[in-house]
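Numbering (the working numbering), first residue to last: 1 to 273. Here a beta-carbon is modelled for each residue, glycine too, at the ideal position from N, C-alpha and C. Please read these numbers as outputs of a predicted model, since none were measured by experiment. First comes the structure, then the notes that go with it.
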Amino acid sequence: MARTSQAAPLGDTDPFTPTAASPVRVRARDMPADTHFEPHRHAWGQLAYCASGVIQVSVHDPSAPTAYIVPPSRAVWIAPGALHAVAVLEAAAFRTLYIDPSVVPADGASCRVMAVTPLLRELVSALDPVGGPHPGPAREAALTALVLDEIGQAESLALGVPLPSPHSDKRLRALCQAVLNEPGRYATLQAWAADSGASERTLSRLFRAQFGMGFAQWRRQAVLAHALPRLARGEAVGEVAAGSGYASESAFSAMFKAAMGQPPSWFIGKNTA
1 MARTSQAAPL GDTDPFTPTA ASPVRVRARD MPADTHFEPH RHAWGQLAYC ASGVIQVSVH
61 DPSAPTAYIV PPSRAVWIAP GALHAVAVLE AAAFRTLYID PSVVPADGAS CRVMAVTPLL
121 RELVSALDPV GGPHPGPARE AALTALVLDE IGQAESLALG VPLPSPHSDK RLRALCQAVL
181 NEPGRYATLQ AWAADSGASE RTLSRLFRAQ FGMGFAQWRR QAVLAHALPR LARGEAVGEV
241 AAGSGYASES AFSAMFKAAM GQPPSWFIGK NTA
């Protein structure tokens with residue numbers, strides 16, 4: 001039976017709005033698969049991650065739209081004012097930090113993926129203890145300072161699938177959508193070009209002009225976006241590798257570990273960060 005997508009309400013952030021006096025607010029929600037938030041924006045910065053499950057955060061930047069897949073142990077920083085949408089790919093324990101513009105990190109004007117350290121994960125839990133007392137003002141201030149320092153020091157990761165702008169070449173848009181739909185169909189740009197109505201040379205030029213990277217690097221990002229939800233559902237690494245167009249499990253695992261810092265087996269059925 002097909003799952004039905006359900007829109008989550010957007011106009012319920014007032015109790016969590018950060019202020020200069022309380023600059024970091026934590027919101028914890030358990031979200032079923034196929035829940036989504038329509039495109040919206042906030043005046044504050046936002047850090048979104050999952051204690052379990054997988055979400056997709058799509059940033060609707062007119063010049064550089066990007067889709068980020070966020071599994072446990074990773075988070076996406078959403079810059080103040082950035083138009084974005086969220087979709088829950090696998091049932092998620094969704095954690096959102098709303099951060100007042102007065103304390104946004106120096107590099108917080110652009111969206112990015114970052115690693116969630118064990119310390120940051122525990123700090124978030126301490127700021128919003130489930131079923132426990134809220135920290136008093138002094139402890140909240142200390143925890144907030146540590147959270148901001150961890151975010152500022154967090155490792156940035158080259159993850160996320162850049163998407164063509166609406167005004168880019170229609171052949172590029174069609175090809176990117178085809179790869180996102182079936183990332184394992186072809187492994188090379190030459191093979192994709194045969195179906196696209198454009199030469200390999202033309203498509204290579206379009207990729208460089210639009211994304212600042214070659215097709216192979218872009219496709220790796222698309223493969224990761226395809227693979228992470230499948231691994232979270234508990235599919236075997238070999239099956240995911242084959243479905244991603246890799247001839248061997250070892251080649252897929254090497255690519256995956258280089259990008260994610262963990263082998264794909266680490267993410268199979270992963271329920272906690």
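Secondary structure of residue i, DSSP reduced to three states
| i | result |
| --- | --- |
| R27 | strand |
| R185 | coil |
| M114 | strand |
| S248 | coil |
| P39 | strand |
| S156 | strand |
| S125 | helix |
| V104 | coil |
Bridge-paired residues (DSSP) for residue i
| i | result |
| --- | --- |
| G45 | I99 |
| C50 | F94 |
| S22 | BP columns for S22 are empty, so no partner. |
| P162 | T66 |
From the options, residue whose alpha carbon lies closest to that of residue i
| i | options | result |
| --- | --- | --- |
| P183 | L224, I268, V103 | L224 |
| L83 | E38, L175, P135 | E38 |
| A126 | A115, V113, A142, C111 | A142 |
| L120 | G197, L47, A64 | L47 |
| R171 | S248, A193, G238 | A193 |
| L231 | H60, E90, G212 | E90 |
| V237 | E249, L175, P229 | E249 |
| T66 | Y49, R74, V86, A51 | V86 |
| N181 | F94, A227, Q190, R205 | A227 |
| G243 | P15, M114, V179 | V179 |
| A106 | I151, G136, R74 | I151 |
What runs of the beta strand (DSSP E), each 3 residues or longer, lie entirely inside the region 53–91? Taking only runs of at least 3 residues, the beta strand (DSSP E) segments lying wholly in the region 53–91 are 66–70, 74–78.
Can you give, in chain order, each stretch of the alpha helix (DSSP H) that sits fully within the region 180–236 and has at least 4 residues? For the region 180–236, whole alpha helix (DSSP H) runs of length 4 or above, ordered along the chain, are 189–196, 200–211, 215–232.
Any 3 or more C-beta pairs closer than 8 Å across the region 96–106 and the region 254–271: The region 96–106, when compared against the region 254–271, does not touch it at the 8 Å Cβ threshold.
The region 67–81 / the region 20–39 touching (three or more Cβ pairs under 8 Å): Between the region 67–81 and the region 20–39 there are fewer than three C-beta pairs closer than 8 Å, too few to call the two in contact.
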